[in-house]
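S.K.: Dropping a structure here in structure tokens format, bear with me for questions.
Chains as they are written, first to last, in this note's numbering: chain A, 700 to 1211; chain B, 243 to 565; chain C, -16 to 375.
What follows is the structure in structure tokens.
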């Protein structure tokens, strides 16, 4: 009997959620010992598919075969029993526990005190974790507490958790989203090593480059449907991208030459401390000129969002000066800064940019409600809200179920972002700050936002763009500053940088 | 003088320990991630059930039997445990606001126990009354050790329930910090998703944690009924549940520091009333001393709020199917 | 009325009916007639005629007394609602009522020779100020030291209870009643036992204030810039800060106003319906107010209706007890059940909402699509961050 080469088979899987078909008749087969990538945009159904393999949901239709045997995977622990492990995008770690405690959680080693009382044997656990970490080259100190270690260590802990559970099928959900380019390289190496050690890897990602580097085969999903399964060797990035989005992608934007004017934002020797009194921005100086897109590139957590928050007044400045058009705003409150000439599209649109349980019109008026004619004698003028809301909805093509009256919570992410961008651009402020403006949006929405950012610049506004997506920065920026560990490695015109060079500054390898 | 110190210790311990065991109950619940303002109601409901059982048994077995006392302790734990399932159900299954649920459980406990006490007295025992008389529990003195100055007071006129509590507290400590269940329980309060991913059952763990808090609070309520109150009546709702909450907040949600906090509260109380007594002050002065635990906790929170960290996921609804 | 409010009304009515039904079952078990027991409640509040009345009493006497009793609850529930709108939970209403009542009692209540109108105005002002002080303190502790308002309110409740008990017992005790000495008639906010055409009535000034307060609170919440600020702070503090709203000021001021309303509740209770204070007791009004507030959907008009209902059960229970031979505590059991049902309201509302959304899938699909790829589990913050939380 010929051995079945497939360790995982998912046949004709359909999964519906209220109002949406997340997976529609998807069939994939993964060979033992290969790196199999799942490629697709946000919302294409990659994570849903894998959640079913990991036992977090059950499919409405279709069957799952593991090692040739049909299985009804009803829980993550059942999946673990089948030697399936998953590294989630959001780490599932207990912050006040040690690394070893996190790894053994759920599979604790027990000993008995005085022969009767069972207790969790942490001594042996620490030893086993140390051994395991050595065996796979995943360096961790078992007794470190999670809250004290960095992101890439936490990811290694997640991987060790799977290995500790003897996982043979390893699912990685967007594992590189939070890592620096070097860390990404070392992770990809770890993944290769795991494969070479006989593990089967399923990699969920929307980054073409990673797939080209490590994957053997790749399944492309679009809107819940399987587009096809391809051998990675012999595919080019452009082809993959167009299969992923369903139409030819224009990978470059139409960008006019910069017409820079006078400095609008002038930041001098800025220092910012976080809540714990830890300095996260350490003496940063830069200027953003009218008609210029000034981009800050960097790996998440190096102080870039704090710069935006400090300029907008959401975080306290511990040292330095911020001026807008010559007015010192360092000690202004949030509202006064906005009125001086600043709009802000924040990173977290749902938690910061919007009040999700307010209506759309209330959210669109978030910058204006306290001004005349929105209020008279402190009494809100509802008709003005309606009229203004309708204007913006039409102008920025914000789609929702009930127009002005819609609860923003029920709107799609793309339309929520349109509402924020529209509201902020409408302020007509000389400076606009965009932080991660396209995060989690689909390609159509991304194009739309990118066009608006360029329009702002061409209108002669100063634009401060902070993004973790290097591609986005390379496409849009006139000037790039690379931040590492709270300091700028290099500030230069975008044309002077190569992508690789930006990467090196991002990792702090290169310093000027 | 020595006598005064002795009675401070004796009274202090007999108040501290019930408070402490209730605080441990609160720690179980809150370390698992469920805010528990319901301790007050849980101890009252526990004491009601226990007192009812003791009252019935007392009538059957006569005054000298020790059986009613121990059965009361057992049934108080059962009663508190069963009633606490209401809080657990609201918070975990119905995803209600945990603060509101706690308030509801308290109000309902007061209403139900007062009503039932009267109704049962009238219909079953044929005597209109709003209480079940229990009397104060017997006490014992350990021969020998109790003669040691000062230290001996800890072994003098001890309520049997103090021993029960110490045993229960040791078991509770062991389970929370040493066992698999405890490891998962504390993980639930920090990051329930981690427990879920590791194959643990967050809802079940939390449900059990709340039930433990019910059982331990019930025990505490019964102890108060057998000591300070000498009966079950609506007097049981003196706010000891909230005092226990102050205790474990003061103790930073850890068992041993909470014991320390409860000792401060208990001894301040007994020392206070001893001083009031010794100085011949009006009894109203003992009210001033009662302020101390609450004021201390507030002051602690003001000055040490940075070091005082509630469990991360406390009060959060965990919904694994949330999309 | 929008769909949400309609759903809410449906759930609220059902929960009240179910609670009354449960109470009826208990009454049946005790061998009494639930319908007549419930009718007794109405009679006790002057909402239905009694068979006979004592000298100089009438149905209106009972009604006036009921309104007098009802008044503090309106203020207390408004107090709860105001904090709730700002995302805060004022569990200290009873303590604030007591503090306000006590301070007004010892300052104005015992002052001789004050003309009635002046004394009454002073009582309201001092009560409001005292409650406001306590509320502002709670808000300040939250803002400045990040102390959870539930915790600090509980602590302050007990501190107030014991301090005031101490002072009453030391200096203001009436040796017969074991309560604080009665206040002067001039200071009392209820015209007590007023003789009109041979019948005696209790005429509470506070009730008129309560009606005014209801509509002022509604107006402030729905129509003003301040109301917008407070609601934004309540729904999302980070977004409020981003919008330039001074979150700290919002927290402190809303808690202060909540305290102010609780303070007026206190004076209408201790210097209106009653004229003395019982030491060592935190009254249940402040906690029942939470029930009223939940049942009334934290909306002023809803609160007016809900408090009317809850207070009928509460006030009428004494008459029911005397007529039907039932324990008056059955009333608080029914109230407790209504509260229990109200606490579950959010769950059933959510289910209703989802069922309705399913009929209009377009509404939801977009929202699901955005989060569909985040996969796995999520956590929802629900309580005002118990004991911790982000500092804003």
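Where a beta carbon is used, it is the ideal one built from N, C-alpha and C, also for glycine.
(1) Between the segment 148 to 161 of chain C and chain B, which residues of the former have a C-beta closer than 7 Å to a C-beta of the latter?
(2) Could you tell me which of A/916, A/866, A/1023 sits nearest to residue 777 of chain A, measuring between CA atoms?
(3) If distances are taken between C-alpha atoms only, which option among C/77, C/130, C/319 comes closest to residue 55 of chain C?
(4) At which residues does the beta strand (DSSP E) containing residue 261 of chain C begin and terminate?
(5) Relative to the C-alpha of residue 729 of chain A, which residue among A/1173, A/918, A/991, A/912 is closest?
(6) Can you confirm whether residue 448 of chain B, when its beta carbon is compared against all beta carbons of chain A, has any partner nearer than 8 Å?
(7) Tell me, to the nearest whole angstrom, how far the beta carbon of residue 278 of chain C is from that of residue 325 of chain C; I am working on the premise that it is less than 8 Å.
(8) At the level of alpha carbons, what is the spacing between residue 1078 of chain A and residue 116 of chain C?
(9) Can you confirm whether residue 70 of chain C, when its beta carbon is compared against all beta carbons of chain B, has any partner nearer than 8 Å?
(10) Could you tell me which whole alpha helix (DSSP H) segments of length 4 or greater appear in the segment 951 to 1027 of chain A?
(11) Quick one: which unbroken beta strand (DSSP E) runs of 3-plus residues sit fully inside the segment 328 to 396 of chain B? Chain order, please.
(12) Can you name the residues of chain C whose CB is closer than 7 Å to the CB of residue 1068 of chain A?
(13) Mind listing which residues of the segment 494 to 511 of chain B have their C-beta closer than 7 Å to chain A's C-betas, in chain order?
(14) Counting contacts by CB-CB distance shorter than 8 Å, is residue 387 of chain B in contact with chain C?
(15) Would residue 493 of chain B be called buried (16 or more neighbouring beta carbons within 10 Å of its own) or exposed?
(16) With a Cβ-Cβ cutoff of 8 Å, do residue 318 of chain B and residue 452 of chain B count as a contact?
(17) Any idea what DSSP makes of residue 703 of chain A, helix, strand or coil?
(18) Am I right that residue 447 of chain B and residue 437 of chain B are in contact with their C-beta atoms under 8 Å? What's the rounded C-beta distance?
(19) From which residue to which residue does the alpha helix (DSSP H) around residue 221 of chain C run?
(20) Report the three-state DSSP secondary structure of residue 309 of chain C (helix, strand or coil).
(21) For chain A, is any of its Cβ atoms less than 8 Å away from the one on residue 221 of chain C?
(22) Could you pull the DSSP bridge partners for residue 409 of chain B from this structure?
(23) Using beta-carbon positions only, say whether residue 512 of chain B and residue 268 of chain B come within less than 8 Å of one another.
(24) Are there 16 or more other CB atoms within 10 angstroms of the CB of residue 157 of chain C, so buried, or fewer, so exposed?
(25) To the nearest whole angstrom, what separates the beta carbons of residue 971 of chain A and residue 985 of chain A, a pair I think is in contact under 8 Å?
(26) Would residue 289 of chain B and residue 466 of chain B be called neighbours here (beta carbons separated by less than 8 Å)?
(27) Is residue 922 of chain A helix, strand or coil by DSSP?
(28) List, in order along the chain, the chain C residues whose C-beta lies closer than 8 Å to that of residue 762 of chain A?
(29) Cβ of residue 532 of chain B less than 8 Å from any chain C Cβ?
(30) Along chain A, which residues have their Cβ under 9 Å away from the Cβ of residue 437 of chain B?
(31) Quick one: complete alpha helix (DSSP H) runs, 4+ long, within the segment 51 to 103 of chain C?
(32) Measuring only between beta-carbons, confirm whether residue 321 of chain B sits less than 8 Å from chain C.
(33) Quick check on residue 438 of chain B: does DSSP put it in helix, strand or coil?
(34) Within 10 Å of its beta-carbon, does residue 722 of chain A have 16 or more other beta-carbons around it, so buried, or fewer, so exposed?
(35) Please give me, in chain order, every unbroken run of the alpha helix (DSSP H) with length at least 4 that falls completely inside the segment 748 to 832 of chain A.
(36) Buried or exposed: which applies to residue 212 of chain C, given that a residue is buried once 16 or more other Cβ atoms fall within 10 Å of its Cβ?
M.R.: In terms of the structure at hand:
(1) Taking 7 Å as the upper bound on Cβ-Cβ separation, chain B lies near residues 148, 149, 152, 153 of the segment 148 to 161 of chain C.
(2) A check of alpha carbon separations from residue 777 of chain A across A/916, A/866, A/1023 identifies A/866 as the nearest.
(3) Nearest of C/77, C/130, C/319 to residue 55 of chain C, Cα basis: C/77.
(4) Counting along the chain, residue 261 of chain C falls outside any beta strand (DSSP E), and DSSP gives it neither H nor E.
(5) For residue 729 of chain A, the nearest C-alpha among the options comes from A/918.
(6) Judged by the 8 Å Cβ criterion, residue 448 of chain B is not in contact with chain A.
(7) Contact between residue 278 of chain C and residue 325 of chain C holds: their C-beta atoms lie close to 5 Å from each other, under 8 Å.
(8) The alpha-carbon of residue 1078 of chain A is positioned some 27 Å away from that of residue 116 of chain C.
(9) So, not an interface residue.
(10) Runs of the alpha helix (DSSP H) inside the segment 951 to 1027 of chain A: 1003 to 1011.
(11) Secondary structure within the segment 328 to 396 of chain B: not one fully enclosed beta strand (DSSP E) run of 3 or more consecutive residues is present.
(12) Per Cβ cutoff of 7 Å: 208, 211.
(13) Those would be none; no residue qualifies.
(14) Judged by the 8 Å Cβ criterion, residue 387 of chain B is not in contact with chain C.
(15) By the 10 Å Cβ count, residue 493 of chain B comes out buried.
(16) Against a cut-off of 8 Å, the Cβ pair of residue 452 of chain B and residue 318 of chain B comes out as no contact.
(17) Assigned with DSSP and collapsed to three states, residue 703 of chain A falls in coil, not helix or strand.
(18) Right, the Cβ-Cβ distance comes to about 7 Å (below 8 Å), so this counts as a contact.
(19) Segment 220 to 225, the alpha helix (DSSP H) holding residue 221 of chain C.
(20) Coil.
(21) With a threshold of 8 Å between beta carbons, residue 221 of chain C makes contact with chain A.
(22) Looking at the DSSP assignment, residue 409 of chain B forms no beta bridge with any residue, so it has no partner.
(23) The answer is no: Cβ separation not under 8 Å.
(24) Exposed is the call here.
(25) With 8 Å as the limit, residue 971 of chain A and residue 985 of chain A do not qualify as a contact, their Cβ atoms being about 14 Å apart.
(26) Closer than 8 Å, so yes.
(27) Reduced to three states, the DSSP call for residue 922 of chain A is coil.
(28) Within chain C, no residue has its beta carbon less than 8 Å from that of residue 762 of chain A; the closest one is some 21 Å off.
(29) Cβ-Cβ to chain C under 8 Å: yes for residue 532 of chain B.
(30) Those within 9 Å of residue 437 of chain B in chain A are 791, 793, 804, 805.
(31) As far as the segment 51 to 103 of chain C is concerned, its whole alpha helix (DSSP H) runs of at least 4 residues are 76 to 87.
(32) Not one chain C Cβ lies under 8 Å of residue 321 of chain B.
(33) Correct three-state label for residue 438 of chain B: helix.
(34) Buried is the call here.
(35) Within the segment 748 to 832 of chain A, the complete alpha helix (DSSP H) runs of at least 4 residues are 775 to 780, 798 to 803.
(36) Under this definition residue 212 of chain C is a buried residue.
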